[in-house]
Amino acid sequence: MIKNANWITSGNDSGDICPVFCRSWKCEKEIEKAELTVTALGVYTAVLNGTRVGEYVLAPGWTAYGKRLQYQIYDITDLIHTDSENTLKITVGKGWMSSPMPGWFDYPSKLERMKRPRGIIGELHIQYADHTEETIYTDENWICEDSPVRFSEIYDGESYDARLESSAESAAASDSDDSGIKHAIPTEPQYAAALSWSKNILIPQEGEEIREMERVAARRIFRTPKGELLVDFGQEVTGYVEFSVNAEAGEQIRILHGEMLDKDGNFYNANYRSANAEINYICREGKQTWHPQLTFFGFRYICLKKFPGEPVPEQFTAIEVRSDIRQTGSLHCGNKKLNQLFSNIFWGQKDNFLDVPTDCPQRDERLGWTGDAQVFVKTASYNYDVEKFFRKWLHDLAADQRPDGSVGQVIPDYTPEEQPSAAWGDAAVICPWQIYLTYGNTDVLRDQFESMKKWVDYITATTTTENMWTGAPHCFGDWLGLDAPSGSYKGSTRDELICTAFYAYSTSLLVKAGHVLRKDMSSYEVLHTRIVSAFQKAYPEYLTQTECVLAVQFGLAADPQKTADQLADMVVKAGTQIRTGFVGTPYILHVLSDYGHADIAYDLLLREEYPSWLFSVNQGATTIWEHWDGIMQNGEFWSTDMNSFNHYAYGSVADWVYEKAAGIQNQEDAPGFARIRISPIPDARLRHLTASINTRHGKVSSSWKVTEQGIRYEIDTPVDAEIVIGDQTYTVTPGIYTYWS
Ligand code: BGC
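In numbering that gives the first Met the number 0, the protein residues as written are 0 to 740.
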């Protein structure tokens with residue numbers, strides 16, 4: 000709890016230079032325990048007596064800052080000196096608080112956010128062995144000076160002058176050179192100024208901590224045909240590069256980040272749009288190792304625009320930074336390319352689960368796009384333990400929900416000027432329901448129920464046709480569907496069909512959530528029945544793959560078998576090609592295999608030509624692409640306009656592999672995998688498949704292998720299960736079982 004401390008900010012305006020707040024004090028008695036409770040407007044790193052406090056990167060994370068700002072508590076007992084002076088230094092960058100996000104439009108809300116000051120609030124509690132206590136609060140006695148971080152911001156990167164490191168106040172740096180980095184002229188110590196900022200927004204840390212998770216060594220250094228010097232990490236990573244160098248003071252390093260090489264093998268990052276994603280570093284004398292601390296990048300390649308000497312790969316490591324979510328799922332089969340796809344899906348998740356589920360980690364977005372999150376939440380919750388991660392984000396969604404119940408396109412809502420969209424706003428309902436299903440904890444429904452209800456009520460209150468959703472202020476449609484008319488990002492599926500289908504779906508989930516919480520949901524049950532019949536009346540036939548998919552998946556089609564058959568037919572007639580976008584893709588394989596077309600589902604999964612999941616694998620992808628043709632068949636890029644190579648949405652295909660190919664099925668009446676149905680659908684083209692999920696009840700795994708004697712299944716269930724092999728059903732208790740078919 001932060002009780003008596005006050006917000007402080009920089010006493011003078013140093014522009015882009017990151018302030019460092021410092022406090023020195025002496026402890027003359029033996030310490031029992033010491034804790035630092037702190038948060039910032041911006042992102043901070045705290046260093047006590049030269050040692051980094053905690054492992055949290057980009058603290059305090061990203062929340063709906065206007066209403067919720069997490070503080071962190073660190074045990075600093077072991078870092079405090081009793082024989083000499085202690086010095087705590089907290090450096091603050093703009094972070095998500097005041098960086099110019101989003102990059103593509105100067106919304107009034109963005110311009111307001113950019114004016115937010117950088118500041119901190121915190122308390123140091125020290126308990127002495129003699130049972131006395133002391134508390135040091137942030138106040139105007141803290142010193143606030145310019146740090147060696149001369150610039151730091153989410154999209155543009157970081158600039159650092161290592162010559163200023165030892166102590167900012169005695170730093171001897173000239174005020175100009177050709178590095179583009181601004182220097183401070185040494186001055187008298189500056190004191191922090193009081194800042195009037197709400198304390199009511201402070202909440203304890205809720206989400207997972209953001210941490211440095213994996214280290215990826217550089218694979219190679221090479222020159223491109225244009226002569227650029229590149230480092231290739233062999234994997235697209237979100238985080239930052241750590242480099243080591245032996246240099247003379249004043250030597251400069253300039254690094255750019257990129258995801259892909261162009262078709263001639265040159266450096267390419269035009270798809271980052273306005274995000275400069277750049278590191279500028281001025282060396283101090285001698286050996287030094289450094290990485291940015293207050294920003295992050297999405298990259299596979301770095302371009303060494305300036306770097307001392309002849310660099311070798313050993314000097315570079317990519318440090319993966321993400322929320323500390325732990326892997327729970329695994330997928331492995333006998334097809335190498337599919338295994339690469341699985342790897343790309345896992346990496347796509349790691350790279351975009353940095354406190355908020357983001358669309359992408361590299362260009363001038365990196366926003367919590369609601370549509371993307373709802374599309375991927377099921378896969379996400381099988382791959383990793385994301386319960387805490389999503390619960391925190393959903394609290395932000397509820398906090399930022401607009402007075403009329405509508406939900407912004409991104410959460411935290413950094414585009415409040417934009418209108419809500421079907422399938423995006425529905426994240427308010429779909430995500431809590433899925434988190435409940437995967438982990439079996441009703442708290443998420445209890446926390447979110449009002450928010451879920453408000454979203455459904457918003458549609459009911461604003462639609463222009465009763466029991467449908469028409470006249471919506473905006474609709475992203477079947478975003479990036481391949482049946483889009485030329486020049487459009489929206490597939491051909493009718494907007495109002497999508498709107499009404501999701502209205503029905505969200506209402507049905509709201510009803511289920513209400514039942515779990517033992518609420519009277521009769522009026523919503525009636526509403527749901529009416530939406531279904533209005534849908535059937537309005538849409539007697541389906542014109543696109545996605546229309547068929549939604550009609551079946553959401554229980555809207557009068558004759559689901561006929562509609563699934565129609566879908567199968569459409570897919571085959573299209574040359575066994577997927578035409579769906581963000582809205583239809585997550586469900587298409589489910590609908591096909593649920594209605595007897597598993598062979599076609601596998602055809603789509605295993606297809607290698609464009610458009611398909613494996614097309615990007617064949618092009619060397621290490622994460623999931625935003626477009627089916629991020630790199631087109633002719634080797635050209637799709638466009639610079641909107642072309643991310645690290646967008647997890649289409650990775651949602653993994654939930655089909657867990658649930659249908661491997662057959663591991665959670666049961667709605669036994670959420671959290673308290674009882675499991677395992678009904679694998681083998682396909683000889685994979686040769687073998689093993690999927691496992693570490694559930695709240697233990698690890699379930701399902702394997703099958705095609706052998707000369709037939710198909711061998713091995714199922715390991717931690718709970719009572721129903722195992723379906725062909726047309727045989729076995730009811731079993733926890734254990735390992737083998738079957739043949
Ligand atoms: C984002 C998407 C998002 C979409 C909505 C894009 O710019 O990257 O993933 O869902 O906009 O239209």
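Beta carbons are placed, not taken as given, at the ideal position from N, Cα and C, and that holds for glycine.
As the structure is a computational prediction, the values presented were derived from the model and not from experiment.
Length of the line joining the Cα atoms of residue i and residue j
i	j	result
T294	L260	23 Å
E442	A556	Note that residue 442 is Asp in the sequence shown, not Glu. Whole-angstrom Cα-Cα distance: 33 Å.
F104	R493	28 Å
L444	T62	20 Å
Y280	V148	9 Å
A183	D145	Caution applies to A183, whose pLDDT of 48 falls short of 50 and renders its modelled position unreliable; the value that the coordinates give is listed next. When rounded, the distance between both Cα atoms is 7 Å.
S743	S450	Here the chain covers residues 0 to 740 and nothing more, so residue 743 does not appear.
L303	Y736	55 Å
F475	S420	6 Å
R299	G650	19 Å
R67	D395	8 Å
L393	Y73	25 Å
P733	S329	20 Å
E205	V355	12 Å
P415	S108	7 Å
G118	I252	29 Å
G490	T543	9 Å
G634	I677	42 Å
Q727	V52	58 Å
G709	W739	7 Å
K452	Y502	12 Å
Q339	V616	7 Å
A550	D564	12 Å
E625	S700	30 Å
I125	A4	15 Å
Near the ligand BGC: residue i beta-carbon under 8 Å from a heavy atom
i	result
H646	yes
Y736	no
Q408	yes
C430	no
W423	yes
M0	no
W703	no
G370	yes
E741	Missing from the structure shown is residue 741; the chain here goes from 0 to 740 and no further.
C359	yes
S643	yes
W627	no
Y106	no
E364	yes
Y488	yes
Counterpart residues of residue i in DSSP-defined beta bridges
i	result
V52	V52 pairs with nothing; no bridge assigned.
W755	In the structure as shown, the chain starts at 0 and stops at 740, and residue 755 therefore has no counterpart that could be examined.
D74	E34
Q326	Y383
E313	Answer is none; E313 lacks a bridge partner.
I714	S701, Y736
R391	Note on identity: in this sequence residue 391 is Lys, with Arg being the wrong assignment. Beta-bridge pairing links K391 to no other residue.
L255	E277, C302
I318	R214, Y239
T689	H331, S702
V647	According to the sequence provided, residue 647 is Tyr. The question's Val does not apply to it. Per DSSP, none; premise fails for Y647.
Distance CB(residue i)-CB(residue j) smaller than 9 Å
i	j	result
Y807	L516	Residue 807 is absent from the model: the chain starts at 0 and stops at 740.
V236	E319	yes
V548	A422	no
L229	F242	no
M631	L366	no
G121	Y70	yes
D403	A460	yes
K93	V37	no
R362	Y267	no
L604	A660	yes
T288	R214	no
V376	Q326	no
Residue i: CB within 8 Å of a non-hydrogen atom of the ligand NAP
i	result
E540	No copy of the ligand NAP appears in this structure; the ligands present are the ligand BGC.
Worksheet item: Where are the alpha helix (DSSP H) runs, 4 residues long or more, that stay fully inside the segment 517-599, in chain order?
Response: 521-537, 544-552, 559-572, 584-593
Worksheet entry | Whole runs of the beta strand (DSSP E) within the segment 78-125, excluding any shorter than 3 residues | 85-92
Worksheet item: At which residue ranges does the segment 426-498 contain complete alpha helix (DSSP H) runs of 4 or more residues, listed in the order of the chain?
Response: 426-438, 442-461
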